[in-house]
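Numbering (the working numbering), first residue to last: 995 to 1423.
In this text, a Cβ means the ideal position worked out from N, Cα and C, and glycines have one as well.
What you are looking at is a predicted structure, and each value in this text was computed from that prediction instead of being measured.
To keep things clear, I will list the structure first and then write my remarks on it.
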């Protein structure tokens, strides 16, 4: 019996020691990120990790602008793009808590002029449908109304546009990522609360959580001394891009934040909506968090052998998957020069956020850094994410070059053909 107890204790000790040893330390994260900045040619980034209710890593790397060479820190502001979507769904959850809406409310009951591509879809389209990319419309439908920068479409223009888009799949049968319907969700928030989406998120989410350096638009940031500039390496060198200007896309991707504030956001979710020193305050209930973290749209049912994964889907503003028996809740964000990823592992009380300021290498960094950190808590340290992502983006660049070459070949061939006027004569509507 004594030998059995000793053996059992030894096994438990070895397992505990192995798992603890695998978890990345702050100094290991520093070394990994500094190397990744050079490998992926990224000007700057910021990384934060929360675990068991504590902030255990919270730091900036590189510079906020290649022109100024001002160092990135944990307070440096980045545009977080589609990470904003989860703030919109949390805002709706608050309205559900207040009894002002229900998740299955029909959109036309709150926005009577809302129209989709046929009467059935219009009359049955509910709030959850706004958030789950299953409308039947194609990938990125209508994005040219908000991209590129400088478009002047209004919310009224947007609300009247959906009836003119042609579906590519049956309603609620296929995942096709979109942005415009999140803007409609922001309009629901405005009409039911009496506040704009920007005011609601600032007053009902940022303020309670102490996210004092987070903003719903660029124009709200008065002190821009620590505002990260977007960059690109399209010319072969890291060069600065202009900051994305304000327009109607806030609820889909307009928030500016930093890793310090986003630690509070992650902790709130990991605490099932509770916040404060004693977790005595609540932003939303566990019931509504389950609704946000429930798969509403299946993405891919194939298995991932590395993580022994069995499902992959989309909730309300969150991507959902199982990794080594744990649920992973995550999202990425991307606008020109600003790329980010936030991932939560609720079972491990773990959260990681990576914000970057350079395309396209920022995507390589946020994947490599976030996955390496999370894998270390899974006890998986046998995968070279940095090397794998470098190879992936190198292959993508080669593919892009071949596409561009073919486009210019088509242009050259077309110049040899003389246009015939008869091909253009007709009645245009």
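{"Asked": "Pairwise C-alpha distance: residue 1111 and residue 1156", "Found": "6 Å"}
{"Asked": "Residue 1072 in three-state terms, based on DSSP", "Found": "strand"}
{"Asked": "Candidates 1082, 1323, 1221, 1057, of which the one nearest residue 1190 by Cα", "Found": "1082"}
{"Asked": "Alpha-carbon to alpha-carbon, residue 1115 and residue 1129", "Found": "8 Å"}
{"Asked": "Bridge-paired residues (DSSP) for residue 1043", "Found": "1051, 1346"}
{"Asked": "Presumed contact (8 Å Cβ cut-off) between residue 1139 and residue 1175, rounded CB distance", "Found": "Not really, about 12 Å apart at Cβ, beyond 8 Å."}
{"Asked": "Chain-order list of residues whose beta-carbon lies under 7 Å from that of residue 1253 (same chain, five-residue window excluded)", "Found": "1040, 1041, 1042, 1052, 1068, 1347, 1349"}
{"Asked": "Residue from 1365, 1340, 1410, 1151 whose Cα sits closest to the Cα of residue 1045", "Found": "1340"}
{"Asked": "Identity of the residue in 1024, 1034, 1022 nearest residue 1351 by Cα", "Found": "1034"}
{"Asked": "Reduced DSSP secondary structure (H/G/I, E/B, other) of residue 1149", "Found": "helix"}
{"Asked": "Burial state of residue 1467 (16 or more Cβ within 10 Å)", "Found": "The requested residue 1467 does not occur in the structure, where the chain is confined to residues 995 to 1423."}
{"Asked": "Range covered by the beta strand (DSSP E) that runs through residue 1334", "Found": "1332 to 1339"}
{"Asked": "Reference residue 1199; option with closest CA among 1123, 1311, 1080, 1135", "Found": "1080"}
{"Asked": "Range covered by the beta strand (DSSP E) that runs through residue 1104", "Found": "Unbroken run through residue 1104 is the alpha helix (DSSP H), 1101 to 1104; no beta strand (DSSP E)."}
{"Asked": "Selection from 1186, 1365, 1225 that minimises the alpha carbon distance to residue 1090", "Found": "1186"}
{"Asked": "Whole-number beta carbon distance between residue 1345 and residue 1076, since they are thought to touch under 8 Å", "Found": "About 17 Å separates the two Cβ atoms, so there is no contact after all."}
{"Asked": "Residue burial classification, residue 1245 (beta-carbon count within 10 angstroms, cutoff 16)", "Found": "buried"}
{"Asked": "DSSP state of residue 1114 mapped onto helix, strand, coil", "Found": "helix"}
{"Asked": "Beta-carbon spacing of residue 1276, residue 1205 below 7 Å", "Found": "no"}
{"Asked": "Residue 1177 vs residue 1194 beta-carbon contact at 7 Å", "Found": "no"}
{"Asked": "Per DSSP, the bridge partner or partners of residue 1120", "Found": "1100"}
{"Asked": "Residue environment, residue 1126, which counts as buried when at least 16 other CB atoms sit within 10 Å", "Found": "buried"}
{"Asked": "Whole-angstrom distance between residue 1326 and residue 1160, CA atom to CA atom", "Found": "27 Å"}
{"Asked": "Range covered by the beta strand (DSSP E) that runs through residue 1325", "Found": "1320 to 1329"}
{"Asked": "Touch test, the region 1059 to 1066 against the region 1220 to 1240, Cβ-Cβ under 8 Å, three pairs minimum", "Found": "yes"}
{"Asked": "The region 1282 to 1301 contacting the region 1310 to 1324, beta-carbon criterion three pairs below 8 Å", "Found": "yes"}
{"Asked": "Spatial distance of residue 1368 from residue 1354 (CA atoms)", "Found": "22 Å"}
{"Asked": "Alpha-carbon to alpha-carbon, residue 1366 and residue 1375", "Found": "8 Å"}
{"Asked": "Alpha carbon of residue 1363 to alpha carbon of residue 1338, nearest angstrom", "Found": "14 Å"}
{"Asked": "Residue 968: first and last residue of the uninterrupted beta strand (DSSP E) it sits in", "Found": "Absent from the model: residue 968. The displayed extent of the chain is 995 to 1423, so no value can be given."}
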